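Only one structure is covered here, and it is reproduced in the block below.
There are 2 protein chains.
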Amino acid sequence: MTVSITDVARAAGVSASTVSRALRGRPGVSEEVRAQIAAVAAQLGYIASRSASSLASGRTYTIGVVAPYIGRWFFGTVLDAAEQVFSAAGYDVLLYNLGSPDARKRFFTSLPVRKRVDAVLSLLIPDPAETAALRSLGVPLAGTVGGARDGFTVVGIDDRAGAESAVRHLVNLGHRRIGMISGASGPLQWTTPIDRRQAYLDVLAEAGIEHDPALEADGGYTVEGGERAMTALLATSRPPTAVFAQSDEMAMGAMRALRRHRLTVPDDVSVVGFDDHELAEVVGLTTVSQPVAGQGAEAARLLLRQLDEPDAERPADKVRMPIRLVLRETTAPPNPRGPQ
Amino acid sequence: MTVSITDVARAAGVSASTVSRALRGRPGVSEEVRAQIAAVAAQLGYIASRSASSLASGRTYTIGVVAPYIGRWFFGTVLDAAEQVFSAAGYDVLLYNLGSPDARKRFFTSLPVRKRVDAVLSLLIPDPAETAALRSLGVPLAGTVGGARDGFTVVGIDDRAGAESAVRHLVNLGHRRIGMISGASGPLQWTTPIDRRQAYLDVLAEAGIEHDPALEADGGYTVEGGERAMTALLATSRPPTAVFAQSDEMAMGAMRALRRHRLTVPDDVSVVGFDDHELAEVVGLTTVSQPVAGQGAEAARLLLRQLDEPDAERPADKVRMPIRLVLRETTAPPNPRGPQ
DNA sequence: AAACTGAACGCAAACGCTTGCGCAACAACG
DNA sequence: CGTTGTTGCGCAAGCGTTTGCGTTCAGTTT
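The following block contains the structure:
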């Protein structure tokens, strides 16, 4: 049916071993024979069977990527960038979309990547048991987003610094009542919400502003959650004049809530987000920009490097990408008349 | 190192063949032996090698998914849904992100999925040569989005009907100067822009409105393109009082352009989009909603069905998902004073 | 009681490649 | 002109499964 390596060997008048070596650029084949084999292979349309070659060699030329919600902008963008790097290097990517808890459980118990991948890139934070499962694969591991894990090369950003710049911006504009829309950390050691919150507290303290727990609300990192959180903040006795949302999605939800309350941004309330979502510019959202695609690409590159030089020293187990506060139209000095 | 099928066989006191049959639920194994083997396998942590089993059986239990920009909301969402269906059915997915032309060329020339997948789902429209390449794989094929292709099971929506409902809505509101922001079809037989445009023309004609070519602008299906297109429309001698954007991204770009021109939506200009992007609700965009995730899931299901019953008659080569006009806040009757 | 069933299981041959090793052939050396 | 290297290539043994076929054995049939 399909042409196999022995077909090529026969047609080229050599042995299968020579074809194998020739096509993969291994030494032990003269240049002329190599060229001849390449020509024959091309003419026959020969493509090596991956299963056979990985069975024989142990190498799969495949990377496993596990990610939570790939439909969401952040993860989709990271995945997109990582995939480009992998495929440019000749690797295929096996995608595991672990958004739902049972998909996640299914993955970690049956571990379908075993013996199928040369490395895995994780876009989610595995818990200790999951980490152990991944490590048991015996392949290089890398991840994006915060949360240091043993055996992982992780690339992320300085969440503290980013959040500090956002909150400090609000302080510098003269705001004193600054709310925060955060996301619970949940059961996992996903440190981002914690770090961003700490930065918020630090900046308030450094500005001599007393922290008011009533100004914090949980937005669960979704648009709807952000809307609910903002609504809750507006219902307090003294609503904030500015809010720092830990993600752009939540910021957009907050803006929606404000609009529903007939409040204008930034005249009544300033809003600053985090991420620099592709649509942040569209809605004029001031936010702290992080290189999302950049993180995916960088993590992918680091993984490939580990594959190329397995015993090379790993200089940085944790690389931090730059962040930058992007000023747009949703922040302004507090309105002297106060909200509404 | 890792435990193989012979290890399990030895531990269970049976042959490897029996282990293989037992674990895969094949007949020819008594229930007690099967249970015993299952227990031993679980206890040893045995997981069959995919490469070996697919080499031997020809089955890979893997689906290839080729998609253009997986970072974009639409494709990310489709992919997300499809992946869930596949993985729930025990299939892995090999992802090929073919956004850039050379990634695309690379894919279709080296065809890395050959002998690696049991089926392929295409989220892009392959040109004739690419279609031939895919067909040469000899596996079931399915695709989303319009464009009928031989050998493909395709699921999509009725673009004409959707666009008609959007434009008709504007007409019913009383608009007579209705612009359209479209996207060029490009070299591929991507019929969506064509269909949506035809619907626009049809509705205008049916309403007795003369078509003005100056009211059409190309937005390339991106936010920036939509902004440029709207800017161009506003620069004409008689700007439209309403615009139909062929995608929500372009609609958002248009809204941004309008805001920059200090025009308000919908008082000065009405805007209606297409897709029901996850953020359409956030910006209050009136749009025609299509089941994006639904299309991905449905295409995946149809593919699995073909895999299960290879020679079943395929009742519908082309399935159409329902659409629905969602009224929000960006459309209103024309302002009697006219724009600006 | 002989012959015939299935059912349950083992044997061994694929599947298509990779790779350590061996063996020519030939060049370069003392 | 023997020796020692190189270089280029073929042999054959895997890699871990699946599966067609053969064997055994308990349980029907005549």
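Taken in order, these protein sequences are the chains called Y and R. Per the UniProt record's numbering, the very first residue in the first sequence carries number 1; after that it's consecutive. Per the UniProt record's numbering, the very first residue in the second sequence carries number 1; after that it's consecutive. Here a beta-carbon is modelled for each residue, glycine too, at the ideal position from N, C-alpha and C. Fair warning: this is a prediction, and the values are worked out from it, not measured in the lab.
Given a cut-off of 8 angstroms, decide if residue j and residue i are closer than it, judged by their beta-carbon atoms.
i: T330 (chain Y); j: L173 (chain Y); result: no
i: I178 (chain R); j: L201 (chain R); result: no
i: G225 (chain R); j: M252 (chain R); result: no
i: A257 (chain R); j: E227 (chain R); result: yes
i: Q246 (chain R); j: I181 (chain R); result: yes
i: T77 (chain R); j: V243 (chain R); result: no
i: Q295 (chain Y); j: V155 (chain Y); result: yes
i: V19 (chain Y); j: V3 (chain Y); result: no
i: L94 (chain R); j: L55 (chain Y); result: no
i: N335 (chain R); j: D248 (chain R); result: no
i: A207 (chain Y); j: E164 (chain Y); result: no
i: T287 (chain Y); j: V265 (chain Y); result: no
i: T60 (chain R); j: R116 (chain R); result: yes
Just to check my reading of the structure: residue i and residue j have Cβ atoms closer than 8 angstroms, yes? What is that Cβ distance to the nearest angstrom?
i: L121 (chain R); j: G143 (chain R); result: 7 angstroms
i: I63 (chain Y); j: L303 (chain Y); result: 7 angstroms
i: I323 (chain R); j: G162 (chain R); result: 4 angstroms
i: R196 (chain Y); j: F274 (chain Y); result: 7 angstroms
i: L325 (chain Y); j: A166 (chain Y); result: 6 angstroms
i: S270 (chain Y); j: T236 (chain Y); result: With 8 angstroms as the limit, S270 (chain Y) and T236 (chain Y) do not qualify as a contact, their Cβ atoms being about 17 angstroms apart.
With distances taken from CA atoms, which of the options is nearest residue i?
i: D317 (chain R); options: R:E31, R:A132, R:P140, R:R116; result: R:P140
i: Q84 (chain R); options: R:E298, R:R324, R:R305, R:H277; result: R:E298
i: F107 (chain R); options: R:W190, R:D218, R:L134; result: R:L134
i: Q36 (chain Y); options: Y:P213, Y:A22, Y:D150, Y:L258; result: Y:A22
i: W190 (chain Y); options: Y:L44, Y:T153, Y:P126; result: Y:P126
i: V33 (chain Y); options: Y:A48, Y:Y46, Y:S17; result: Y:S17
i: A119 (chain R); options: R:V283, R:V326, R:D308; result: R:D308
i: R301 (chain R); options: R:L325, R:T192, R:Y91; result: R:Y91
i: T192 (chain R); options: R:P239, R:L124, R:G138, R:A132; result: R:L124
i: G13 (chain R); options: R:R26, R:R116, R:P27, R:A41; result: R:A41
i: G138 (chain Y); options: Y:G151, Y:A129, Y:V145; result: Y:G151
i: F86 (chain Y); options: R:G45, R:Q306, R:L98; result: R:L98
i: V65 (chain Y); options: Y:L79, Y:V282, Y:S30, Y:R260; result: Y:L79
i: D218 (chain Y); options: Y:L233, Y:V283, Y:D102; result: Y:L233
i: M255 (chain R); options: R:T241, R:A129, R:P240, R:M230; result: R:M230
i: A48 (chain R); options: R:V29, R:I5, R:K115; result: R:I5
i: S289 (chain R); options: R:L263, R:R328, R:H261; result: R:R328
i: M321 (chain Y); options: Y:R260, Y:D159, Y:H211, Y:D212; result: Y:D159
Looking at the C-beta of residue i, does it have a partner C-beta in chain R at a distance below 8 angstroms?
i: V271 (chain Y); result: no
i: A142 (chain Y); result: no
i: S51 (chain Y); result: yes
i: P339 (chain Y); result: For P339 (chain Y), the predicted model reports a pLDDT of 47, less than 50, meaning its position is unreliable and no value from the coordinates is stated.
i: R135 (chain Y); result: no
i: M230 (chain Y); result: no
Please list, in chain order, the chain R residues whose beta carbon lies closer than 9 angstroms to that of residue i.
i: Y96 (chain Y); result: E83, S87, D92, V93
i: Q47 (chain Y); result: The residue you asked about is not Gln; residue 47 (chain Y) is Ile in the sequence shown. Result: S110, L111, P112, R114, K115.
If we define contact as Cβ-Cβ less than 8 angstroms, is residue i a contact residue for chain Y?
i: D118 (chain R); result: no
i: L111 (chain R); result: yes
i: Y69 (chain R); result: yes
i: V155 (chain R); result: no
i: K105 (chain R); result: no
i: D80 (chain R); result: yes
i: S54 (chain R); result: yes
i: R114 (chain R); result: yes
i: residue 342 (chain R); result: With chain R represented from 1 up to 340, any question about residue 342 (chain R) goes unanswered, as that position is not in the structure.
i: T264 (chain R); result: no
List, in chain order, every chain Y residue whose beta-carbon is nearer than 7 angstroms to that of residue i.
i: R256 (chain R); result: V282
i: I63 (chain R); result: Residues of chain Y passing the Cβ test: none, with the nearest at roughly 10 angstroms.
Just the chain R side, please: which residues come within less than 7 angstroms of residue i by C-beta, in chain order?
i: D308 (chain Y); result: Near D308 (chain Y) there are no residues of chain R at all, since even the closest Cβ is about 20 angstroms away, more than 7 angstroms.
Taking C-beta pairs closer than 9 angstroms, name the residues in chain Y that residue i reaches, listed in chain order.
i: V223 (chain R); result: E278, L279, E281, V282
i: G253 (chain R); result: V282
Residues of chain R with CB closer than 8 angstroms to the CB of residue i, please, in chain order.
i: D268 (chain Y); result: In chain order: nothing, as chain R lies at least about 18 angstroms away.
i: M250 (chain Y); result: Ordered by position in chain R, no residue passes the 8 angstroms Cβ test against M250 (chain Y), which lies about 11 angstroms from the chain.
Going along chain Y in order, which residues have a C-beta closer than 8 angstroms to the C-beta of residue i?
i: E287 (chain R); result: The residue asked about is misnamed: residue 287 (chain R) is Thr in this sequence, not Glu. Chain Y residues near T287 (chain R): none, gap ~14 angstroms exceeds 8 angstroms.
i: T77 (chain R); result: G71
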